[in-house]
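2 protein chains.
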Amino acid sequence: MVGGMTDEQKTLAFVVYPGLTPLDLVGPLQVLSALAQMDPGYRTVVVGASTDTVGTDTPLRVAPSHTFEEVPAPYAVLVPGGTVPTLRAMADERLLAWLRTAAESAQLMTSVCTGSLILGAAGLLEGKQATTHWMLRDVLAGLGATPVARRWVEDGSVITAAGVSAGIDLALHLVERLAGRQVATNVQFAIEYDPEPPQGALDWANQPYGDLKPLREHTLRQGLAEHPELLGRLLAHT
Amino acid sequence: MVGGMTDEQKTLAFVVYPGLTPLDLVGPLQVLSALAQMDPGYRTVVVGASTDTVGTDTPLRVAPSHTFEEVPAPYAVLVPGGTVPTLRAMADERLLAWLRTAAESAQLMTSVCTGSLILGAAGLLEGKQATTHWMLRDVLAGLGATPVARRWVEDGSVITAAGVSAGIDLALHLVERLAGRQVATNVQFAIEYDPEPPQGALDWANQPYGDLKPLREHTLRQGLAEHPELLGRLLAHT
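These protein sequence lines are chains A and B, in that order.
Quick note on full-length UniProt numbering: the first sequence kicks off at 1 and runs consecutively.
Quick note on full-length UniProt numbering: the second sequence kicks off at 1 and runs consecutively.
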């Protein structure tokens, strides 16, 4: 208690685990750290099993600011996705236990890309509408969720975003929800988010899904080789 | 030399320095690492003064994969931006010396956001068209460049991008330049880059520039306090 303040800062916790896709994490982290700079009612933290450096699916290594134990009751949680390492994280009981405990008090449980598969493995998508990377969207049904093809999907306190770059859109939506539209616009100017995809919008009629289908099944089998029951539930929806 | 191959992989080097804005780095790194996965002719590396972890302008810490000395002749270089720490990096002689040496053989010298100020401090923007974060665009003139208000600006081998999130657009442009449009589209699907900014496009007629002008001068003075000559050159263009 400092200066008579009784309100605590609301903690927005970003999860790190080995092998994640760093853009899933850093897009929303940059956006919500800008919110925290503009509004001292919020702080961002990066949580992991330890504060040691872990690898990602790029040559960059990253390190959390806090351990799971140091952040037992965050206001909001964001889980990033990835490929094989994310499927492995679906069976990380320490991560899952932390998510279940956090969800008891958190006002927002969110994910980017295949991070929603981890939320689902923790039992947090049961009966919820949710999304993930377009290539794996249908396997959400194996986790009790109803898959939805949108940039982000809000179902009560659970908000899931589509693949990788969708985390930036999700995060700007969260800023508006937490602090209003003007603050969200200020953050958008701060990160100069005025996208000009050089190849234009994605042409979903020509998505390379057919080419990638064998890769998808290979990824699932590789990530969940030691968890045949879970693998079976997901493969049943491919 | 393996299997009679004589061509070496082309190395795309992403620069890390303390205090950077991680989205400037990770957006393009994710895109070009996807290229490297699709085309073994390329590899991405993250370079820094050491491979130790450094802080960013968020609670995330990051660590390079290689030291500057280990990557003396990259095919392409990308320098991310930031706020006060980036201005300090403009006077980091070891970083500037590495950039000047790399520029002698590199086919592409690129930057995101205020990373272009570091390229400029190394003398690499002399006589070039360039851009940076919209708030600091005009100070590029103090580094010998002609400021241009575009998402990214290509002037021969030097390509500079606008603020923070513009690095994703720059990187997809680079993929198309290096590997063609179909590969760029495949990468775009992989990161599901189909932006839907929740607050719409930025309304440049209502940019908060006036409100932020004192912050801009404060940032310049704080970052370059020990380098009055350089500070003077930049302030002359504010």
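Every residue gets a Cβ at the ideal spot worked out from N, C-alpha and C, and that includes glycine.
Environment of residue i [buried if 16+ CB atoms lie within 10 Å]
| i | result |
| --- | --- |
| Y17/A | buried |
| L215/A | exposed |
| residue 258/B | In the structure as shown, chain B begins at 1 and stops at 238. Residue 258/B is therefore absent and cannot be evaluated. |
| D57/B | buried |
| H218/A | exposed |
| A122/B | buried |
| Q188/A | buried |
| L234/A | buried |
| D97/A | Per the sequence shown, the amino acid found at residue 97/A is Ala instead of Asp. Exposed: under 16 other Cβ atoms inside 10 Å. |
| D194/B | buried |
| Y42/B | buried |
| R137/A | buried |
| P228/B | exposed |
| A205/B | exposed |
| T132/A | buried |
Other residues of its chain near residue i: CB distance less than 8 angstroms, five sequence neighbours each side excluded
| i | result |
| --- | --- |
| A236/A | G142 |
| D155/A | K128, Q129, A130 |
| Q207/B | W134 |
Own chain partners of residue i with C-beta closer than 7 angstroms, once the 5 adjacent residues on each side are dropped
| i | result |
| --- | --- |
| G4/B | Unreliable placement is indicated for G4/B, whose pLDDT of 38 sits below 50; the coordinate value is still reported in the next sentence. Counting only Cβ-Cβ distances below 7 angstroms, and skipping sequence neighbours, we find nothing. |
| A179/B | L35, D39 |
| T83/B | D57, T219 |
| L190/B | With the sequence shown as reference, residue 190/B is identified as Ala, and Leu is not the correct amino acid for it. So the list reads A34, once near-sequence residues are dropped. |
| residue 289/B | A question about residue 289/B goes unanswered here, because the residues of chain B that appear run from 1 up to 238. |
Spatial distance of residue i from residue j (CA atoms)
| i | j | result |
| --- | --- | --- |
| A184/A | A166/A | 16 angstroms |
| L230/A | L23/A | 27 angstroms |
| residue 249/A | F68/A | The question about residue 249/A has no answer here: the residues shown for chain A are numbered 1 through 238. |
| M1/A | L60/B | Note on M1/A: pLDDT 32, under 50, position unreliable in the model; the coordinate value appears next. Taking the straight line from one Cα to the other gives about 26 angstroms. |
| R150/B | E126/B | 19 angstroms |
| L87/B | S65/B | 24 angstroms |
| T21/A | T114/A | 10 angstroms |
| V62/A | V164/B | 19 angstroms |
| V26/A | L78/A | 11 angstroms |
| L224/B | W134/B | 19 angstroms |
| T6/A | A73/A | Because the pLDDT of T6/A is 37, which lies under 50, any placement of that residue in the model is unreliable, and the number read from its coordinates should be weighed accordingly. Cα to Cα, T6/A sits roughly 17 angstroms from A73/A. |
| M90/B | Q222/A | 45 angstroms |
| L12/A | T44/A | 5 angstroms |
| D47/B | E93/B | Note that residue 47/B is Val in the sequence shown here, rather than Asp. Going from the Cα of V47/B to the Cα of E93/B covers about 15 angstroms. |
| G232/A | Y209/A | 21 angstroms |
| A162/A | A102/A | 22 angstroms |
| L172/A | G19/A | 25 angstroms |
| D211/B | E196/A | 26 angstroms |
| residue 241/A | P85/B | Residue 241/A is absent from the model: chain A starts at 1 and stops at 238. |
| F14/A | L124/B | 37 angstroms |
| residue 243/B | R177/B | For chain B, the structure presents residues 1 to 238; residue 243/B sits outside this window and is missing. |
| T238/A | Q37/B | 24 angstroms |
| E226/A | G81/A | 20 angstroms |
| V148/B | E192/A | 15 angstroms |
| Y75/B | L95/A | 40 angstroms |
| R181/B | Q9/A | 46 angstroms |
| N186/B | K213/A | 14 angstroms |
Contact list for residue i against chain C, beta-carbon separation under 8 angstroms
| i | result |
| --- | --- |
| Q207/B | Protein chains A and B are contained in the structure displayed, whereas chain C is not. |
Neighbourhood of residue i by C-beta, 6 angstroms cutoff - its chain only, sequence neighbours within 5 removed
| i | result |
| --- | --- |
| V158/A | M109, K128 |
| A130/B | S116, L140, A145, V153, T160 |
| S111/B | V79, L119, T160 |
Original post:
Do the segment 48 to 63 of chain A and the segment 187 to 201 of chain A make contact, defined as three or more Cβ pairs closer than 8 angstroms?
Top reply: Not touching, per the Cβ criterion.
Subject >> Three-pair Cβ contact test at 8 angstroms for the segment 159 to 173 of chain A versus the segment 29 to 46 of chain A >> reply: Touching, per the Cβ criterion.
Original post:
Of all the residues that make up the segment 161 to 192 of chain A, which are near chain B by a beta-carbon distance shorter than 7 angstroms?
Top reply: Within the segment 161 to 192 of chain A, contact with chain B at the beta-carbon level (separation under 7 angstroms) is assigned to A162, G163, V164, S165, A166, I168, D169, L172, H173, E176, R181, A184, T185, N186, Q188, F189, I191, E192.
Original post:
Given a limit of 8 angstroms on CB to CB distance, which residues of the segment 120 to 134 of chain B reach chain A?
Top reply: Here the close residues are H133, W134.
Subject >> Near-chain B residues of the segment 45 to 63 of chain A (beta-carbon distance less than 8 angstroms), N- to C-terminal order >> reply: Those would be V45, V46, T53, D57, T58, P59, L60, R61, V62, A63, in chain order.
Subject >> Short-range partners of chain B found in the segment 17 to 32 of chain A, where Cβ spacing is below 8 angstroms >> reply: Listed by position along the chain: T21, P22, L23, L25, V26, G27, L29, Q30.
Original post:
Going along the chain, which residues of the segment 87 to 103 of chain B sit with their C-beta nearer than 8 angstroms to a C-beta in chain A?
Top reply: Cβ contacts with chain A come from no residue of the segment 87 to 103 of chain B.
Subject >> Against chain A: residues of the segment 134 to 159 of chain B by CB proximity under 8 angstroms >> reply: Of all residues in the segment 134 to 159 of chain B, only W134, R151 come within less than 8 angstroms of chain A when Cβ atoms are compared, listed by chain position.
Subject >> Within 9 angstroms of chain B by C-beta, residues of the segment 223 to 237 of chain A in sequence order >> reply: Under the 9 angstroms Cβ criterion, the segment 223 to 237 of chain A contributes no residue.
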